[in-house]
Structure formats: C-alpha cells, structure tokens
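Going down the list, the sequences are from chains R and A. Under this note's numbering, the first residue of the first sequence is numbered 1, with each subsequent residue one higher. Under this note's numbering, the first residue of the second sequence is numbered 1001, with each subsequent residue one higher. To keep things clear, I will list the structure first and then write my remarks on it.
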Amino acid sequence: MKRNSIFFFLIFALLAFISFAFQVKEGESLFLKPSNFPEPVYDFTKNPLTTEGVALGKVLFYDALLSKDNTVSCGSCHQQTAGFTQHGHVLSHGINDALTKRNSMPLANLAWFKDFGWDGGVHHLDLFAVSPLTNPAEMDENLPNILEKLRKTNTYPVLFQKAFGSEEINSERFLKALSQFMLTMVSANSKYDKAMRNEGVVLSESEEQGEAIFKQKCASCHSGVLFTDLKFHNNGLSPASKADLGRYDVTLLEEDRLAFKTPSLRNLDATAPYMHDGRFGTLEEVLEHYDAGIENNATLDPSLKQNNRIGIPLSMDEKTKLLAFLKTLNDDDFLRNDRYAEVSQAKDPEADKYKDVDWEKVDLQTNSPTIKASFKKAWILYTEIKNALIAENGDKASAAIESLFPIFNDIDKTAMTSMQRVFFQNVFNDLSFEMEHIADTKDYKHQRDHFGDFSKHLFRLIKAFKTHDKPLYYFHCPNAMFKRGGYWISDTEIDKNPFFKNDKDCGKIKMVLLP
Amino acid sequence: MKNILILLVSFSYLMLNAQSSGTLTLQFDNMVGNEDMVLNTKNYKNAMGEDFNISLFQYYVSNIRLMKSDGSEYAVPQNESYFLIREQDPKSQTVTLNNVPKGKYTGIRFVIGIDSLRNTADISQRKGCLDVGGEAKDMYWAWNSGYIFVKMEGTSPVIELNADRKKPIFMYHIGLFGGMGDKKTLNNIKETKLSFGSKKLKVKDNTTHYMVIKTDASHILNGSTNISIAKNPSIMAGPFSAKIADNYNVMFSFGGFAKSLNTISETKTAMK
C-alpha cells in the first residue's frame, strides 16, 4: 500500500515536472532573451507566456471593439511597420480623430522597461493598457464596458478558455493577455545586434566611427543595448504654447519640469516623427536640435550644458557618421515579422524564389489588356484623389480611395507571371496600408500625410508594369509629410502641389516615365 | 487509528477557535455638517460662504484595525480589508467584518484610501472594490497609476464658466500614495483613529455587533485650509490636493453602537 502511494507520487511528480518543463520551453520560444540583452525586468513567473495567451493578446491588440465607438484599436496608434508608433502622425489620433497630447511611443522590448509612457506615470506593463483604453482622446472606453463587450462575443470566451482554462473574462486575464503579446515584441535583430553577437556581420568604417561619437556624446542618456537609461530628462525643447510639463505632472517635483522619458533609438527610420510631441520630422532636425537648438531653462539636463556650452557640439562630419550608426539600429525582422502583424499575410508559395531579386533590374512589363484596364481605372481615381487634396476636400479623397480598393483586389492575377504576382503583392501590401489610412479619415491634412507614400508605391507598380501609354511626371516635395518628403504623380509637366495650398515652389520633377 | 484521533482533536480545536469570534458591522453614515447627505437636490454652504450641492461622494476605507486598551490590536486580514463607500449605493455603506476575535475593544483605526503596497501590487491582487475593470473603474488613475482615495463632485453657482469649463461643476479627486522606485509623488495617504470614548465594544461569540461611523464631507472644503470652490473648482493630482487630504483627515467620527441596522436607520430618521 505504502509503496504503491510512493510510486504514484513519483509518477505524479514526474508528470508535473514534464508539464512544467514543457511550459518553460514554450515560454522560451515565445520570449527568448537575446544574448546581448540584460535580464528582463518583467516578472514572467506571474504571467507565464503561453501560445494561446499571446494569441489572445494579439487579437485584443488589433480589435477596435476595445474603443468606445469600436473604431480604434491599440494597433491603430501602434503600427508594426512604424515600429509600433502611429505612422505619419505628430500627435496620435484617437476616436473621432481627437488629438492626444503626445506622439505615440514605440512598443518594443517592453520586458526591460520599469515604467511606461513619456512621463513614466505607469509602473507596470500589466496596468499600462488601462491608460490609452480610458483616455478620452484615445480609446475613451472604460474597462467594465470592454469586458462586457468581450463576454458578449462568440469568440472571446473561447479564446479566454484556451488561454486561461475557463471562459471567465476579467480584468486580470484581459490585461495579462495584452501584456503577453506585447512582451513578445522583442527587437534585437538589427545590424548592430548581429555585429555585437558576432553573427558574421560587421559595421562599416563610418558606422563604427559613428558608434564612437555616439558613445562619447549620446550614450550618457541613450545607454546600454536598449539605448535608453529609462530615466527622465529635459532635453531643451522650447515648451509649446500649451506647455506639457511631462514628468512634473506625475511627481510634482520642480526638477522634473519638462522632463520626458529617454526614448529607445531602435527602429528610428520607422518611428518618425520624433520627440514627445513629434515636433521633428527627420533625424537631421533632431541632431541639429542637440547641436544648436537647445533652449536653456531651469531644469535643462546638466549633460546638455557642459564646458560652458549649451547643447552637444556636432560637426557636419560627425552628424553624417552618427546617422550612419543610428541606421544600424533598424531591425527589419521586427518591423516585418508576421508574428506581430495584424493579419498574417497570405504568403505566395513562390515568394521565396524571388526574395533576392533586385526589382529595379527585372523586366515586369505586362501586355495583358485586363491588367491595363484596371490600371487605367486606377489612374482616373488617383487623379481624383489628388485633385480632392488640392481642393482640400477630405470627403472626396476618402470616397475615391474606397473605389480604388476593389480595382486592385480584383486585378487579374491569372494574367501575371509568378514573378509579376510576387512583385505586385509586395508593393500592394505597402500601398494598401497607405490607402487604408486615407480612407479611414475625412481630414485632408491627415490624408496628405499618407498621400506621398501612396503615390510612391503606385508609381512603383506603374513603372514596373509599364501600363501607362503617355509620359508621367514623378514629383517630389521635400517639405511635405513633416519634411520627410512626399511624392506625387502627374501626366502634365506643370501640376499643383497636393500637399500645400501655398507652397508653389516645393515640388520638382524627379523622374519622367516614358511609355 | 492514532491518525484519526489527531484529526478529531485538531478539528474540534478549530471548531472551538471559530466560535470565539463575532461579527462587526460598520455603518458609514455620510453627512454634511450635522445633516444627512442628500445628493443633487440639497444645497449646502462651505466656510467661504459658497453654495454648492453634491452629485457624487465616494471614498476608500482600508487596513481596518480594532484597538484594545492594552495597546494590542486586531487587524482585519489584509485581503478582506478594502472597502469602497459610495453615497449613491446604500449597500456599500455597510461594511461587515467577520471573525473578529472575542474581546473588549476601545477604538478603531483605518486608512482613508489605499496603502502604497496595494497601490503597487500586481493585477492579480486587485479584486473586488480594487478591480480597475470593475468597481474601481472610476476610482483609479490610469495615467499616473494609483487609486483615487476620496472623490467628491457637484455643482456650484460660484464657478465661472469659460471655454474649458462649460458647466459649473467642481471635481475633487484626491489620491497619490507616494510613488514607487524612482517615481516619487505626493503622499496623501491618511489614517484615522477613532476612540469609542467611555464605551467599549465587547465582541461576543457568534454575535453581530453594529457600529456607526459618521463621515462629514464638509471637512473636504473646510478645515486648516478653507477651500474656495470658485477659485479651485477642480483639484486632482496637483500639489493643492495635499491641503484637501489634510482637511478630510478629520472627517470621520465615532457615531455610537447599535443593536441592529434597523435601529441605526431609526436614529437617522429621528434626526431628520
């Protein structure tokens, strides 16, 4: 009898151990600490990651049901391709296009953060989501309502059951699931990381020189492999008219006036515009600010006023090298990884075959009359959208974009070669992202922020397929889109600028596309 | 056989132990000055002579301890020691403490608000009235994580209207627990200590005892700092909140014992 129970106990212990080990292994595959990173801050023992938990978190992250009028999801202001910031927005937009106080912060490597938001007012990742969910300018909903809406669906009780063992939907499970998904967002595959881990990649000479300058002049705040000291500093931005006091509003300490969290510098190319209020559109402007634009006020960080000089002296050459180094922190694996994407894109089975193709160098011309007819319709709508933006008519632009979707969705793919099809799908992924944004709002200013990239991707398609039978002029206006520069296409040599009413001089022909 | 004996002994010990405790029901009676609080319809005047009425009044009471004359105390178990009292919800004004050990108590003390430990606890520790997705939804600051301790809202004709203020509404939301780690904030946690005076609370086995605690909301506005509603129609997480917390620190008073909840409401009706 006694021996039997010991035997059963041992079996039980073994089973428990196996299931524990299995869970640890599963957790590891969902969150693996990169070898060049320190230990994470988040306590995973209190919220162990599971495949089902992460999956639930992802569905929640992208569900607009979480907002008051069911129009805005977390993913609306935290877009993957924009490093989980809001693409093209100085200040983020919430429901009813309400403007928030600040530029949405990138979401990456959150497992290493100990407080959240530009002012660090929230001290735990599990509690962070409550802030955007309830902020009147963001999702404007309250938590009990959200939970009730989720309970009433057919799908969520099942997803909660899978993730947590029963259909109960409560705050703890809801918030922990969101955390689980966000914790998997680890950006650690930039060129810099790969070089650091000796994975066969080395930084170029100018990148290395940039790194040396960076270490000397920037790393006191942008420190470590996260490129932030996770602290709060006043970096000398002249306060806007309705001053945002930043950290002060949380601590009420004089020394925290105008101080904001040091942001990470990973994926900078994707996270423009910069600063808590998105005031700088380009990295050049950011460097210029640190060199010569700093405003000296009472709480300015001491590191920005050394040797009797306000700001950080940077020569042209140093700026160029710094920019080269900062580019090594971009992580395309992270920005394009399907595991974080709203909809896993149906992958063309032949896509891999062409993954090393230089699309500029291959001939993709089409002779299909059905494809040409689609492009002809698309061109008419494009002109309508452009004219609507010139006339500052957001309703018209949005309506024209809506009509454009079916044309591209129904394009005759049977008339394409497999190479053409792969190229089309690649470009259309980018194109539809911009189209959705133009369609989502009736605010022409916001539409303009997406029109430049929309034009760029459409031009790529027209140029590759050679569908246009007249010359096309490809314009570029460097002042557009927060000075990131915006493109537009025209069939005349002289054309009105769709980005600005009164900036006639901005806009030069970059290329003429001959039939 | 021996095992069964031990089991029996320990079981009966547990039973005996369970019996040597009673129940204490606290009735929170919200007042304004000497009058029973009436939401929306009743007009009040503060020490500055400003008229106002109250549309919402609610607060947390936590970490309840019963004191004995020898200095020892009975602390209500931590997880059962959080209560949200809302004027608009009569049920919430009755707080039941089970398993109070038999004995003679001379006073009670509790925290007005939520202690810093629970303010920083992980989400699994926030149930019931602390559930940010439930009862605590309007008693929690999401942007500066922490519970609101005391909340009073209402209207006053003295409030000037402007572009940002379209209705004459005042809002006093007082919280802030001191922060954690690198984040230091104001600490508005207050503790109130009430003596039963000449009376004693004698907790008997299997008996329910009733006690009234009066909460005088006029102390939010009147006290060491007399608050002008016209000048400060909205006080939340700013430095001025400390003045209100200092004021309301004395808003509770011991209102006597009662034989039952009925007798409490009878006394209340008699008072009106």
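Cβ coordinates follow ideal geometry from the N, Cα and C atoms, glycine included. Keep in mind that this is a model prediction, so the values were computed, not measured.
(request) Give me the Cβ distance between R/Leu265 and R/Leu323, rounded to the nearest whole Å; I'm assuming they're in contact under 8 Å. (result) Going by Cβ atoms, the distance from R/Leu265 to R/Leu323 rounds to 11 Å, so no, they are not a contact pair.
(request) Could you tell me whether the Cβ of R/Leu252 comes closer than 7 Å to any Cβ of chain A? (result) Yes, contact with chain A.
(message) Let me check understanding here. Comparing Cα to Cα, which of R/His476, R/Leu364 and R/Thr366 lies closest to R/Glu493?
(response) Considering only alpha carbons, the answer is R/His476.
(request) Kindly say whether A/Pro1239, judged by its beta-carbon, lies nearer than 7 Å to any beta-carbon of chain R. (result) A/Pro1239 counts as touching chain R.
(message) Would R/Phe160 and R/Val54 be called neighbours here (beta carbons separated by less than 7 Å)?
(response) No, the Cβ-Cβ distance between R/Phe160 and R/Val54 is not below 7 Å.
(message) Measuring straight from C-alpha to C-alpha, what distance separates R/Leu461 and R/Ala439?
(response) C-alpha separation (whole angstroms): 20 Å.
(request) Please list, in chain order, all residues of the same chain as R/Ser35 whose beta carbon is under 7 Å from its beta carbon, the five residues on each side excluded. (result) The residues are Arg197.
(message) For a contact defined as C-beta to C-beta under 8 Å, what are the partners of A/Ser1124 on chain R?
(response) Going along chain R in sequence order, the residues near A/Ser1124 (Cβ under 8 Å) are Lys46 and Glu172.
(request) Using the Cα positions of A/Asn1187 and R/Phe405, report the straight-line distance between them to the nearest angstrom. (result) Cα to Cα, A/Asn1187 sits roughly 55 Å from R/Phe405.
(request) Drop a sphere of 10 angstroms on the beta-carbon of R/Lys386, count the other beta-carbons inside from all chains shown, and report buried for 16 or more, exposed for fewer. (result) Burial of R/Lys386 is indicated by the presence of at least 16 other C-beta atoms within 10 angstroms of its C-beta.
(message) Please report the straight-line C-alpha distance between A/Leu1097 and A/Glu1080, rounded to a whole angstrom.
(response) A/Glu1080 has its alpha-carbon roughly 8 Å from the corresponding atom of A/Leu1097.
(message) Just to check my reading of the structure: R/Phe451 and R/Leu389 have Cβ atoms closer than 8 Å, yes? What is that Cβ distance to the nearest angstrom?
(response) R/Leu389 and R/Phe451 do touch by the CB rule: their CB atoms are close to 6 Å apart, below 8 Å.
(request) Could you work out which residues of chain A lie near R/Gly120, taking near to mean beta carbons separated by less than 7 Å? (result) Those are Lys1183, listed as they occur along chain A.
(message) Please identify the residue among R/Gly281, R/Leu133, R/Lys470 and R/Ser187 whose C-alpha is closest to the C-alpha of R/Ser73.
(response) Closest in C-alpha terms to R/Ser73, from the list R/Gly281, R/Leu133, R/Lys470 and R/Ser187, comes R/Leu133.
(message) Given this structure, state the Cα-to-Cα distance separating R/Leu335 from R/Glu295, to the nearest angstrom.
(response) Rounded to whole angstroms, R/Leu335 to R/Glu295 spans 34 Å at the Cα level.
(message) Going by DSSP in three states, A/Arg1086 sits in which element: helix, strand or coil?
(response) A/Arg1086 falls in the strand class under three-state DSSP.
(message) Distance cutoff 7 Å, beta carbons only. Does A/Gly1128 sit that close to anything in chain R?
(response) So no, A/Gly1128 is outside the interface.
(message) Cutting at 7 Å between CB atoms, please list the residues of its own chain near A/Thr1120, excluding the five before and the five after it.
(response) Around A/Thr1120: Met1180.
(request) Report the residue from R/Arg484, R/Glu434, R/Ser403 and R/Lys353 whose alpha carbon sits nearest the alpha carbon of R/Gln420. (result) Per the Cα distances, R/Lys353.
(request) Provide the residue span of the alpha helix (DSSP H) that contains R/Gln161, from first to last. (result) Run containing R/Gln161: Thr155 to Phe164, per the alpha helix (DSSP H) assignment.
(request) Mark R/Asp126 as exposed unless 16 or more other C-beta atoms lie within 10 angstroms of its C-beta, in which case mark it buried. (result) Taking all protein chains in view, the Cβ of R/Asp126 is crowded by 16 or more other Cβ atoms within 10 Å, so the residue is classified as buried.
(request) Quick one: using the 10 Å Cβ neighbour count with 16 as the cut-off for buried, is A/Leu1176 buried or exposed? (result) Residue environment: A/Leu1176 is assigned as buried (16 or more neighbouring CB atoms within 10 Å of its CB, all protein chains considered).
(request) Express the C-alpha separation of R/Met275 and R/Ala298 in angstroms, rounding to a whole number. (result) So the two alpha carbons sit approximately 20 Å from each other.
(message) Would you say A/Lys1137 lies against chain R (beta-carbon separation less than 7 Å)?
(response) Interface residue, yes.
(request) Compare the C-alpha of A/Lys1200 against each of A/Gly1033, A/Arg1165 and A/Thr1106 and name the closest. (result) Nearest of A/Gly1033, A/Arg1165 and A/Thr1106 to A/Lys1200, Cα basis: A/Thr1106.
(request) Ignore the nearest five residues each way along the sequence and tell me which others in R/Leu30's own chain have a CB closer than 6 Å to its CB. (result) These residues qualify, in order along the chain: Leu49, Val54 and Thr184.
(request) Show which residues of chain R have a CB atom less than 7 Å away from the CB atom of A/Met1180. (result) Residues of chain R passing the Cβ test: His123.
(message) Quick check: the region 1158-1166 of chain A against the region 1059-1067 of chain A, are at least 3 beta-carbon pairs closer than 8 Å?
(response) Result no; under three Cβ-Cβ pairs closer than 8 Å.
(message) Along the chain, where does the alpha helix (DSSP H) containing R/Leu322 start, and where does it finish?
(response) Met316 to Lys327 is the extent of the alpha helix (DSSP H) around R/Leu322.
(message) Which residues of the region 1139-1168 of chain A have a Cβ closer than 7 Å to any Cβ of chain R? Give them in chain order.
(response) Against chain R - using a Cβ distance shorter than 7 Å - the residues of the region 1139-1168 of chain A are Ala1142, Trp1143, Asn1144 and Ser1145.
(message) Between the alpha carbons of A/Glu1035 and A/Ser1228, how many angstroms are there, rounded?
(response) Cα to Cα, A/Glu1035 sits roughly 21 Å from A/Ser1228.
(message) In the DSSP output, what is R/Gln306 paired with across the bridge?
(response) Paired residue(s): R/Arg309.
(request) Output yes if chain A places a C-beta closer than 7 Å to the C-beta of R/Val41; else output no. (result) It does not; no Cβ of chain A falls within 7 Å.
(message) Against chain A, with Cβ distances strictly below 7 Å, would R/Asp126 count as a contact?
(response) Output row for R/Asp126: interface = yes.
(message) Assuming contact is defined by CB atoms lying nearer than 7 Å, are R/Phe459 and R/Tyr444 in contact in what I supplied?
(response) The answer is no: Cβ separation not under 7 Å.
(request) Would you verify that the beta carbon of R/Ala137 is, or is not, closer than 7 Å to some beta carbon of chain A? (result) R/Ala137 does not count as touching chain A.
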